[in-house]
Structure formats: structure tokens, C-alpha cells
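J.: One structure, pasted below without further comment.
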Amino acid sequence: MSKASQPELKKFMDKKLFIHLQGGRKVSGTLRGYDIFLNLVIDDGIEETTPAQKHPIGTVVIRGNSFIATKTASKALPRPQALRHFTRSATRSTLANPVRFVASTSTPSTDNKSAVDFAWKTQFSGLEDALSGNATPSRVWNSYVDLLDVFGYQTLPVEVHQQVLRKCSPSPQQLRISAARRIIAGNEPRVPHIHESKFQTIIRNIRASGHVPGLEDYHFILTQFAAVGNYPGSIQVYEEVKSAGHTPTAKTVGLVLQAVVHRLTLPIMAHARPRMIEQTRKIFNDLLSDMRELKIPMVAANMDLSFRVLKESLDYEAFESLMKWAYGIDLAYPDKVPLQLLERKYKASLSGTGLDSTSGQVPVPFSTSALNTTIDFLGRLGNVSKMIQAFEVLTQPLPHAQEHFFSSFEDDEDDVGAILQGPRLSFTPPHAEPNTTTYAILIRHISRAGNRMLARHYLNESMWLDRETVMSLRHGTWQKADADIPRPKFALNRNLLLPVLGLGNRDKNMGLLRWLSTKLPRILRRKKADLDYHISRRNYRARRFPSDSPSDVKSTAGLSLSAPNATAAGGKRRVDPIFDLDFDTTIPLPKKTKPFDAELHIQILEKDLRDLEDFRKRVEFVLGRTSQRIKERLGRRVWENKDVWVSTARRRTQLSKEQWREIVNFKPMKKESTAWSLGHDVE
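According to the working numbering, the sequence shown is numbered sequentially starting from 1.
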């Protein structure tokens, strides 16, 4: 209790009070004094029988009777100041926050003080043991509550509150696993995070003791909420961070985005999903606005999380704005520099300073994964022309596209004014190398849109790129070790062919199905030849270089490509991969080129060969079934004396049944097979 509250307490001196005791009892007497340990000295104490139950605070000393009882807050004591919650729908706390008093002229007896000191040491020692050892979260929380029930939160340093905050709940990895098990079992919790009330209580205790929770305290709570997908609580904690005077960092924004992304992956009722998508869209737009206003750098981890949110919300305006700001790509004109980036460059040149990479002014390097996400997002929107435009420009950039444009008003410069030359940029246009996933996404969305010509074009391009990759991998690699050969990034497989088969099957396009069936034999021959080459190379190197074994290559590659947070002894990661995100690196480091693994490549070729063999059989079946159904449909028109299109005559013509049999080349059906198929006996 502050000094300002002393007059409020002094006015009850020498007056008769009713003090509620723990357990439902009540004592009446005259208040004679109090001390720093919340011990009240009362004369003429009489125990009443009227039941009452309040929250415990301190002790009561009755003169004459000399007994010590745990007392509770009476109506005469001032109420604690209302504290701010960091969640709107806060559950009721399991801990009461009492009020402290300063010492007055009256002092308790020596025996009472020693008893209080002994109780304090015992309770605090139990809490220290729970925090220092491998105690369960329940034990830590119970020790914390028992200590505060008697002595109050102001007796503890802020560091103890912070340690309890980090030990009162399981780890994020355990929470995610347990939450997934509950969802699978159908026991979805009523609250997103079962320990949210504990976090609220500790944060209130820290603030009530005169301190401000640190940014890392809020980050811990955000990590806990991200583990279970509690995005409403995460955005409320984010607002609390700003109101507490902290500046959000890239990690703060990333943890909120993690909660949103994880919630989008969890099951939800169909009628509630549109509302959730709208909420996540608003949250993302607010976060993007704060990042620009506060100059929070856009790190690679946050870019990946942002793309995942946008792929679900399908907000094209937000996606276009993010591409301009983060990558320096204007989807309306992908071969030219966005005006926003030119403006930033111009302001930096006027101030005499370059673009600051730590404040998010320099665009993030465009990667293959970002290219795949861009193609997938535009394909989900159904904008095929924009998707093709982005693919062609971002994979084969024009370095100085603005130099090849001419002004149509060159002859009228006096009328339109002088042409301003924009500043030269020091970075290359954003571009990335496509891989197998890029072409698979591209062909899938084109096939879903029903564009037969584009599907054939990019499948032909995929077959050509596969041939180039195979030849470059064979050239000069017979004598090279696997560690000296870069791993290929493209391979033709079943995933590239399946969308085209689906398009031909849906449209009953015999031309596309026949074209696909003619390409498969050559693809299979090349795959078999490639597999034979790599098997021969492996056997040759095993005989010629026995020391260059696959196990040695794998161990060397594993050591060179190990993560920075892996232990040297066991090789286990210290952090679960789900939460192992780097929110501190503004510009991602270039990835190391993975070495070629002959054994793995042979396994991939064998799997692709098996899949393509099964796919060839499926294409033959679909082609025969589609041909049969088309013939049956046209045959019904002929039997009904309707005209059909005849390609040789190049017009619609009525045909007789005999002419139709000759055209379609039906084989005569035997009576035995017909009777047998109908279940009749053949005589």
C-alpha cells in the first residue's frame, strides 16, 4: 500500500472492526496497530459466528487471547487498484492480488514476527526449489500461489515473477502435440490456451508491483499462443506490447503470424471459416501497416508466414503491396522497378545515406520458394494471364527493361515538359530459377483453367528442361566425385503429367489424350537410359575408388550442411523445427549448393520410373474408355437418324448404320461371348 493510503487506514485506528477469518469465522475488536507484515493488533477480540469468506491477506493478533489466525480482506480495507487485462475475455484468476501496508507506530510481538519470518523462508525456499529443479508446471504454479496467498506479490522481486512465467506451463512443442491429440480425439478445449489465466495473473502482479513486463515476457506468451493457434489472444498481446511502451520487432510480428498460420491449418466448421478468414485478413493488414510505420524489417521467416496467410485469404491487394515493399516487384509491371522503391532510393540519395537494410528499405532477395508461392497465389485467384506473365518475367528477367522503352512524346517534349531520369538502382532485377515444383504448380493451375494449348506448351518445355538437366549431369561427371557435382533442381515426373491427363479426361479431348500417350514411350526410354547410366557410374566408382563410399559422402554432406543450432555430439536440434525460425536476419544468407548423392538419385529415378509405368497404363485405359464413350454417343445419334460431323467430308452428314460400322471399325461380337456375359446357356 502506498503512503497516500496511510490516512485512509489511520482513520480506523481505535475503532471497532469486524475482521473476517479464513474458514468462515469472524472476529470483532478494536484496531490498535499494524505493521509491515500485515499483522493487525486488536483489543477485546470476540469471535463471531456469522459465516463469511473472503480472500486471505495476512494475520490477526488478538490481545489477551494470544492466538494467530489467517485473516481475510474486510470491508474496512481499501480495495486494490483495478489492473489492465491483456486479453478481453479473461478467465477468473486463481490468485487474489492483495494490498500491502507500510509500518505504523504499533509493532507485533517478537514471537509473531519470528513465526512470519519462518513461514516466509519456508514458502520462498519451496518456490526456489521448484524453479531451480525440473519441477512440473503444476508444482511451480502451486508454490507461487501458496507464497502469494500469505505474503503478497510485492514481497517478490520481478525476476521471480518472470521465472514463474516461463515455468508455469509446458513447452510450446508439448502444447502443440497435446492440442493436436485433443482435436483428433474430438475434445476441443473451450479456451484456446489452457494456461492463459496464469499468464494474466503474473503480468498483473508484475505491473501492480511497479514494474513493466519486458518484451521477452510478451514474446514468451506469444510463443505459447502460437503453439496452439490462439490468434485472438496473440493480437491482444501485441496491442499490449505497444501500449506498454515497447517497440514491436520482427520477432513480435512473426510470432503473431505464426499463431494465425497455425490456426488456418486446424479444422474448423464450414460456416465459421469465412468469419475466421476475414479476421485473419484484418490482422494481417494491420500488422503490415505497423511494419511500414515502425520500419520493422521484413525478414525471410515473416515473408514465408505472410505468404501462407495470403494464400488462404486470397487478398490480391495486400499481396501486391507486399510484393512491392518486400521484393521490389510490381505485379502490374514485373519487368520494371516499382515507384515506391524509386522514391525510397531518391530520398536516400538526397539525405546522403544509402538504403538501410536493417530498417526494411532494401528488398529481400527473391528465392525459388517465393517464386513458387507467387505462382501458386496467382493460380488460386484464377488469373492465368497474370500468372504466366509473372512466371516468364521473374524466371527470365530483362536487366534494363526501362532502357528499351521509348517515349511516344519525344517529338513533343516542349509540350509535355522535361523527362526526369530516375535514379539508377544498385541491385539486379528480382528473379529466381524454377524447379520441379514451379512447373508442377504452373501446369496444375493452367489445366484447372482449361487452357489446352498452354498446358501442352509448358509440358513440352518441362520435357526439354528435363533433357537439358540430364545431359548436363552426365557431361564430365563420370570421373568426378559426388561432392563435386551440384544436385539437379529439375526432373520430369508423374506430377507434371497428371494435370494434363485430368484436363483431357474432363473435356473428353481425344487429341490431347493421344498426344500425351505418344510422349510417354520416349519419356520412359530416357528415364531407363538415365537410370542405367547412374547405376553403371556408381558401380564403376565403387570398383575404382573404394574409399569413396556412399556412407562417407553422406557423412561429409551432413556435417557441412548441419544447422547452426545442432549439437556436435548427437546432431539433434535444440529447437523443434516448427518454432526454429530466424527473426533476426534481415537478408537471408545464400543457401549452400547441395552436393549430388548418387544413391538418392538412383532411388528417385527408380520411383519415377515405376510411377510413369503405372501412369502409362492409366493413360491407355482413359484413352480407350473416352474413345469408346464418344463412339457410343455418336452411334446413338446415327441410330436416331441424326447427323454427325465427318472429318473427311468436313461437314455434318447423316450416315447409315453400315457406314457408321465401317468408320468406327467395330468388331463383330460373338454369340458365345454375348450369351456368356448375359448369364445364359449357349446351345
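The beta-carbon is built from N, C-alpha and C at its ideal position, and this holds for glycine as well.
Here the structure is a predicted model, which means the values were calculated and not measured.
Which value, in whole angstroms, describes the spacing of the CA atoms of glutamate 613 and glutamine 279?
T.: 47 Å
J.: Quick test of the definition: if touching needs 3 or more C-beta pairs under 8 Å, does the stretch 651-663 touch the stretch 525-540?
T.: no
J.: Taking 8 Å as the threshold, find out whether the stretch 206-214 comes into contact with the stretch 174-182 through three or more Cβ pairs.
T.: no
J.: I'd like to confirm the pairing. Which residues does DSSP put opposite tryptophan 325 in its beta bridges?
T.: In the DSSP output, where bridge partners are listed per residue, tryptophan 325 has none listed.
J.: Give the secondary structure of arginine 487 by DSSP, where H, G and I count as helix, E and B as strand, and everything else as coil.
T.: In the structure shown, arginine 487 sits in coil (DSSP, three-state: anything other than H, G, I, E or B).
J.: Just verifying my parser: in three-state terms, what is the DSSP assignment at glycine 624?
T.: helix
J.: Exposed or buried, methionine 453, counting other C-beta atoms within 10 Å across all chains shown (16 or more means buried)?
T.: exposed
J.: Could you tell me if glutamine 340 is buried or exposed, where buried requires 16 or more neighbouring beta carbons within 10 angstroms of its beta carbon?
T.: exposed
J.: Could you tell me if aspartate 484 is buried or exposed, where buried requires 16 or more neighbouring beta carbons within 10 angstroms of its beta carbon?
T.: exposed
J.: Which two residues bound the contiguous beta strand (DSSP E) that contains arginine 650?
T.: First-last for arginine 650: undefined, no H or E at that position.
J.: Please state whether the Cβ-Cβ distance between threonine 660 and glycine 635 is less than 8 Å.
T.: One detail in the question is off: residue 660 reads as tryptophan in this sequence, not threonine. Result yes, Cβ atoms of tryptophan 660 and glycine 635 sit closer than 8 Å.
J.: For aspartate 608 versus asparagine 451, is the C-beta distance shorter than 8 Å?
T.: no
J.: Thinking C-beta only, is leucine 147 closer than 8 Å to glutamine 224?
T.: Result no, Cβ atoms of glutamine 224 and leucine 147 do not sit closer than 8 Å.
J.: Going by other Cβ atoms of all chains shown within 10 Å of its Cβ, with 16 needed for buried, is isoleucine 202 buried or exposed?
T.: buried
J.: In the DSSP assignment, the alpha helix (DSSP H) including aspartate 597 goes from what residue to what residue?
T.: Looking at the DSSP string, aspartate 597 is not in any alpha helix (DSSP H), and its letter there is neither H nor E.
J.: Identify the continuous alpha helix (DSSP H) that holds aspartate 507 and give its terminal residues.
T.: DSSP places aspartate 507 in the uninterrupted alpha helix (DSSP H) bounded by 494-507.
J.: Using the Cα positions of isoleucine 221 and leucine 394, report the straight-line distance between them to the nearest angstrom.
T.: 39 Å
J.: Let me know the alpha helix (DSSP H) ranges lying completely inside the stretch 235-280, each 4 residues or longer, listed in chain order.
T.: Listed in chain order, the complete alpha helix (DSSP H) runs (minimum 4 residues) inside the stretch 235-280 are 250-265.
J.: Could you give the first and the last residue of the continuous alpha helix (DSSP H) run that contains serine 536?
T.: 510-544
J.: What span of residues does the alpha helix (DSSP H) with methionine 298 cover, start to end?
T.: Premise fails: methionine 298 is in no alpha helix (DSSP H) and is neither H nor E.
J.: For alanine 185, does the count of other Cβ atoms within 10 angstroms reach 16, so buried, or fall short, so exposed?
T.: exposed
J.: Using DSSP's beta-bridge definition, name the partner residues of valine 638.
T.: According to DSSP, which records beta bridges pairwise, valine 638 is partnered with nothing at all.
J.: Would you identify the three-state DSSP class for valine 384, choosing helix, strand or coil?
T.: helix
J.: Grouping DSSP H, G and I as helix and E and B as strand, with all else coil, what is valine 644?
T.: Residue state, collapsed to three classes: strand.
J.: Just checking, does the stretch 241-248 make contact with the stretch 260-271 on the three C-beta pairs under 8 Å criterion?
T.: No, they do not touch.
J.: Between the stretch 290-309 and the stretch 266-274, do three or more beta carbon pairs fall short of 8 Å?
T.: no
J.: Quick one: give me the first and last residue of the alpha helix (DSSP H) that glycine 217 is part of.
T.: Checking the displayed sequence, the identity of residue 217 turns out to be aspartate instead of glycine. Going by DSSP, aspartate 217 is part of the alpha helix (DSSP H) stretching over 215-228.
J.: Under the three-state reduction of DSSP, which class applies to leucine 420: helix, strand or coil?
T.: Only weak support exists for where leucine 420 lies, its pLDDT of 45 falling under 50; the value from the coordinates is given anyway. It is coil, neither helix nor strand.
J.: Please name the residue, chosen from Glu159, Tyr231 and Met291, that lies closest to lysine 242 on a Cα-to-Cα basis.
T.: Met291
J.: Where does tryptophan 739 fall in DSSP's three states?
T.: Residue 739 is absent from the structure shown; the chain starts at 1 and stops at 683.
J.: Thinking just about the alpha-carbon of each residue, which of Asp597, Gln162, Tyr316 and Pro192 is nearest to the one in histidine 219?
T.: Gln162
J.: My assumption, with CB atoms under 8 Å, is that leucine 294 sits in contact with serine 306. Please give the rounded CB distance.
T.: Not a contact, Cβ separation roughly 16 Å.
J.: If you reduce the DSSP assignment to three classes, tell me which class isoleucine 194 lands in.
T.: coil
J.: Expressed to the nearest angstrom, what Euclidean distance is found between the alpha-carbon atoms of arginine 273 and lysine 657?
T.: 56 Å
J.: Does DSSP put asparagine 665 in a helix, a strand or coil?
T.: coil
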